[in-house]
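*Asks:*
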Amino acid sequence: MHRTKENEVEKNSSKSLLREYAEAIIIAVLLALVIRAFVVQAFKIPSGSMKNTLLVGDHILVNKFVYGIKLPILNKELLHFRDPERKDIVVFRYPVDPSKDFIKRVIGLPGDTVRIQDKKVYVNDQLLVEPYVVHSDPRILPASVSPRDNMDSILIPPHSLFVMGDNRDESFDSRFWKFVDMDELKGEAFIIYWSWNGDGKLTWNPTESYIRWNRIGNLLH
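Numbering (full-length UniProt numbering), first residue to last: 1 to 221.
1) Can you tell me which of the three DSSP states Leu17 falls into?
2) Starting from Phe102 and walking both ways along the beta strand (DSSP E), at which residues does that stretch end?
3) Determine the direct distance from the alpha carbon of Lys51 to that of Leu17, and round the result to whole angstroms.
4) Span of the alpha helix (DSSP H) holding Trp196?
5) Helix or strand or just coil, what does DSSP make of Ser144?
6) For the beta strand (DSSP E) that Phe176 lies in, which residues bound it at each end?
7) Using the three-state DSSP reduction, which class does Glu170 fall into: helix, strand or coil?
8) Quick one: using the 10 Å Cβ neighbour count with 16 as the cut-off for buried, is Gly187 buried or exposed?
9) Give the single residue among Asp137, Ala143, Gly108 whose Cα lies nearest to the Cα of Leu127.
10) Distance check for Arg19 and Gly165, CA to CA, integer angstroms please.
11) So, using beta-carbon positions, are Asp58 and Ile192 closer together than 8 Å?
12) Could you tell me which residues DSSP puts in a beta bridge with Gly68?
13) Rounded to whole angstroms, how far is the Cβ of Ile154 from the Cβ of Val114, which I believe are closer than 8 Å?
14) How many angstroms separate the CA atom of Gln117 from the CA atom of Asn150?
15) Compare the Cα-Cα distances from Pro46 to each of Val39, Val40, Leu55 and report the closest residue.
16) If distances are taken between C-alpha atoms only, which option among Gly217, Thr53, Val62 comes closest to Asn167?
17) Please go through the same chain and pick out, in chain order, the residues whose beta-carbon is closer than 8 Å to the beta-carbon of Ile216, but skip the five residues on each side of it.
18) In terms of DSSP beta bridges, what is Tyr122 paired with?
19) From Pro110 to Lys178, what distance separates their C-alpha atoms?
20) Counting along the chain, where does the beta strand (DSSP E) carrying Leu155 start and finish?
Given below as structure tokens:
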């Protein structure tokens with residue numbers, strides 16, 4: 001009889017332990033979903049449109065509440081904190097195909113006029129100073145061929161942004177498909193938490209390493 005009670009106690013203890021583990025896992029999953037939906041989300045950079053600020057193989061974290069809190073399913077804003085600012089690096093749903101996420105830099109805000117002359121960007125007729133920009137193609141294309149290097153002045157509509165990649169000659173951005181609606185913003189990129197180079201190898205030497213140790217932890221500006 002005593003042994004039976006011991007067995008019952010052991011079974012109850014095992015069930016309690018399993019229940020605790022299950023509850024802990026469920027809570028952890030729910031917290032991860034909440035954090036991903038409202039706080040921070042990780043993204044991987046698949047293209048070179050933002051180099052040298054961001055390289056292929058960089059893994060970044062995006063602040064999802066910096067501009068406000070939205071209901072993910074309804075895409076409805078519950079709280080508004082601040083509007084995007086010029087030169088913010090933002091992740092957004094690609095206007096042409098919302099199933100894809102793009103990352104670019106904010107250049108024009110609602111009410112601004114933006115024009116491009118010989119690769120130089122003018123906002124409200126003032127030359128925009130952009131130390132982060134790189135050009136891989138020395139050619140200057142006329143507006144009749146492409147808006148890449150020369151674009152007539154356009155007015156940014158309300159609740160919209162004009163965005164461009166830092167790698168100006170290799171970026172498919174607002175010069176080609178115009179504006180990003182602010183409702184499509186997912187957040188602001190703020191840090192590189194991991195980075196690797198498929199052409200390298202596993203070593204502690206930063207110039208040869210498969211892992212780009214010198215990029216990990218870099219804040220984005």
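Note that the Cβ used here is the ideal one computed from N, Cα and C, for glycine as well.
*Replies:* On the basis of the coordinates in this document:
1) The residue labelled residue 17 in the question sits at position 17 within the sequence shown. Reduced to three states, the DSSP call for Leu17 is helix.
2) Taking the sequence shown and counting its residues from 1, one reaches residue 102 at position 102. Looking at the DSSP string, the run of the beta strand (DSSP E) that includes Phe102 is 101-108.
3) In the sequence shown, counting from the first residue as 1, residue 17 sits at position 17. In the sequence shown, counting from the first residue as 1, residue 51 sits at position 51. Distance between the alpha carbons of Leu17 and Lys51: 50 Å.
4) As a first step, residue 196 is located in the sequence shown; it is residue number 196 there, counting from the start. It is not in any alpha helix (DSSP H) - Trp196 carries neither H nor E in the DSSP assignment.
5) In the sequence shown, the residue the question calls residue 144 occupies position 144. Note: Ser144 maps to coil in three-state DSSP.
6) Numbered from its first residue, the sequence shown carries residue 176 at position 176. No beta strand (DSSP E) holds Phe176; the alpha helix (DSSP H) holding it covers 174-177.
7) In the sequence shown, the residue the question calls residue 170 occupies position 170. DSSP places Glu170 in helix when its eight states are reduced to three.
8) Translated into positions along the sequence shown, residue 187 becomes position 187. Flag for Gly187 reads buried.
9) By one-based count along the sequence shown, residue 127 stands at place 127. The alpha carbon of Leu127 has as its nearest neighbour, out of Asp137, Ala143, Gly108, the alpha carbon of Gly108.
10) In the sequence shown, the residue the question calls residue 165 occupies position 165. In the sequence shown, the residue the question calls residue 19 occupies position 19. Going by the C-alpha atoms only, they are around 50 Å apart.
11) Position 58 of the sequence shown holds residue 58. Position 192 of the sequence shown holds residue 192. Taking 8 Å as the cut-off, the beta carbon of Asp58 is found closer than this to the beta carbon of Ile192.
12) Within the sequence shown, the letter at position 68 stands for residue 68. As computed with DSSP, Gly68 is found in a beta bridge with His80.
13) Stepping through the sequence shown from its first residue, residue 154 is reached at position 154. Stepping through the sequence shown from its first residue, residue 114 is reached at position 114. Indeed, because the Cβ distance is near 6 Å, the residues count as touching under 8 Å.
14) Here residue 117 refers to the residue found at position 117 of the sequence shown. Here residue 150 refers to the residue found at position 150 of the sequence shown. Their Cα atoms are separated by approximately 5 Å.
15) By one-based count along the sequence shown, residue 46 stands at place 46. Among Val39, Val40, Leu55, the Cα nearest to that of Pro46 is on Leu55.
16) Here residue 167 is taken as the residue at index 167 of the sequence shown, counted from 1. Cα-wise, what sits closest to Asn167 is Thr53.
17) Within the sequence shown, numbered from 1, the residue matching residue 216 stands at position 216. Same-chain partners within the cutoff: Ile192, Tyr193, Trp194, Ser195.
18) Residue mapping note: residue 122 aligns to position 122 of the sequence shown, counting from 1. In the DSSP secondary-structure assignment, Tyr122 is bridged to Arg115, Leu127.
19) As a first step, residue 110 must be located in the sequence shown, where it is residue number 110. As a first step, residue 178 must be located in the sequence shown, where it is residue number 178. Going from the Cα of Pro110 to the Cα of Lys178 covers about 13 Å.
20) Reading the sequence shown from its first residue, position 155 is the one you call residue 155. Per DSSP, Leu155 belongs to the beta strand (DSSP E) from 151-155.
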